[in-house]
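A quick write-up on the structure given underneath.
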Amino acid sequence: MNANKTGRIADRGGAPAILRRAETFLWTSGRVLEQRRFEVLFGRVADGSGLAAALAAYEAGPGAYAYGLEPDIRGPEPQPLAAATALMILEDAGRLDADAVVPILDWLSTVTTAEGGVPAVLPTLGAYPRPPWLPVSGEPVADLLSTGQILGPVLRSGVTHPWIPGAVEFARQGVEAMEHTHPYGVESALMFLEAAPDRDWAREQADRLGKLLREQRMVLLDPARPEDTPVAPGYAPGEYHLAYDYAPSPDSLARAWFSDEEMRRSLDHLAASQDSDGAWPITWAKWSATTEVEARPGATVKALRVLRGFGRL
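Following the numbering used here, the numbering of the sequence shown begins with 10 at its first residue and continues without gaps.
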């Protein structure tokens with residue numbers, strides 16, 4: 010099979026080498042989902058219908074998603090974290106409309122706790138393989154980790170739904186109460202803050218979280234000196250968060266947390282982290298060979314988006 014039939018890589022001779030290598034990896038080893046996502050995000054196709062169709066393969070009922078859509082969450086039972094991933098993909102596909110969003114919010118309403126938010130995972134995950142950092146409780150509690158990720162695209166969609174006000178209030182309280190947290194918790198808070206209706210409040214809270222992050226040393230500011238930054242409790246060896254994890258684009262609220270030099274170092278490190286096969290590695294614990302294989306394409310698309318956003322592609 011020639012290159013023209015595997016994504017017309019030859020047509021992209023003028024693209025940066027880092028992008029060409031990543032594209033080769035995605036066509037060689039990516040899931041259909043990431044291949045379709047790459048096509049939409051990097052100009053291969055203008056219409057997101059193929060990406061939306063690829064996402065539909067992971068549906069587990071109206072508005073519910075499972076089957077490894079989020080690679081670390083296995084099995085056929087839908088989970089809130091998978092709904093967050095689905096919403097982000099729908100946004101990329103240009104399908105973040107009432108027809109797609111309302112069924113997801115209807116499903117989320119069935120698993121929302123009295124606090125107004127949703128757990129990360131439900132007791133139904135207990136019957137299926139899962140990583141050790143996703144504990145299953147018989148009485149799950151709402152979590153900003155999942156609720157914040159979900160609210161970001163939902164609020165940008167402009168869709169109205171009875172689920173949203175309670176979730177927003179839960180997320181507001183969760184952000185305001187955040188003192189001792191962990192890097193993924195801050196990421197999820199930022200996803201909510203980027204779209205929160207009260208912009209003055211969002212900027213104030215983002216400024217507070219940035220100071221908290223630096224005080225608690227939850228960001229590796231110099232990739233050449235990892236020994237200067239502790240790994241968060243429960244994280245894998247070398248599982249650091251860098252500036253671009255919090256500020257994935259120049260207009261991110263968290264961009265103000267970092268100096269130009271700190272941002273440059275993080276982006277240099279990201280570009281240099283591309284593996285020889287064109288993919289980016291995952292930094293979290295590898296508990297299953299299959300989940301690592303399925304996660305690397307998504308990590309690659311994410312890295313490309315960051316690099317392009319900062320003018321590195």
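A virtual CB, placed ideally from N, CA and C, is assigned to each residue, including glycine.
query                                                                                                                        : result
Status (buried if at least 16 other CB within 10 Å, exposed otherwise) for ALA304                                            : buried
Proximity to ASP306 [Cα-Cα], best of MET200, TRP210 and ALA288                                                               : The question names Asp, yet the displayed sequence has Pro at residue 306. When each option's Cα is compared against that of PRO306, the closest is ALA288.
Nearest neighbour of GLY167, chosen from ARG314, ASP108, ASP284 and LEU229 [CA to CA]                                        : ASP108
Chain-order list of residues whose beta-carbon lies under 6 Å from that of TRP142 (same chain, five-residue window excluded) : none
Pair within 7 Å by beta-carbon distance, LEU90 and SER155                                                                    : yes
Beta carbon of GLN88 nearer than 7 Å to that of VAL130                                                                       : yes
Minimum C-alpha distance to ALA241 - residue among ASP260, THR190 and ALA176                                                 : THR190
Spatial distance of ARG273 from SER282 (CA atoms)                                                                            : 14 Å
Straight-line gap, PRO132 to PRO138 (C-alpha atoms, nearest Å)                                                               : 13 Å
Straight-line gap, TYR193 to LEU60 (C-alpha atoms, nearest Å)                                                                : 26 Å
Same chain, Cβ closer than 7 Å to ALA63, five either side skipped, listed in chain order                                     : VAL41, LEU42 and ARG45
Cβ-based burial, GLU32 [other Cβ within 10 Å; buried from 16]                                                                : buried
With 16 other Cβ atoms within 10 Å as the buried cut-off, status of ASP237                                                   : exposed
Length of the line joining the Cα atoms of GLY219 and GLU124                                                                 : 26 Å
Contacting residues, own chain, Cβ-Cβ under 6 Å from ALA266 (five flanking each side not counted)                            : The sequence given here places Trp at residue 266; Ala does not occur at that position. For TRP266, where only same-chain residues beyond five positions count, the Cβ hits under 6 Å are GLY219.
At least 3 beta-carbon pairs within less than 8 Å: the segment 242-260 vs the segment 312-319                                : yes
Under 7 Å between C-beta atoms of ASP286 and PHE47                                                                           : no
Buried or exposed by the 16-neighbour rule on C-beta atoms within 10 Å, applied to PRO246                                    : exposed
In DSSP terms, what TYR74 is bridged to                                                                                      : GLU68
Cutoff 6 Å; reference LEU164; Cβ partners in own chain excluding five residues on either side                                : ALA204
Whole-angstrom distance between PHE51 and ARG7, CA atom to CA atom                                                           : Because the chain is modelled from 10 through 322, residue 7 falls outside the range shown and cannot be assessed.
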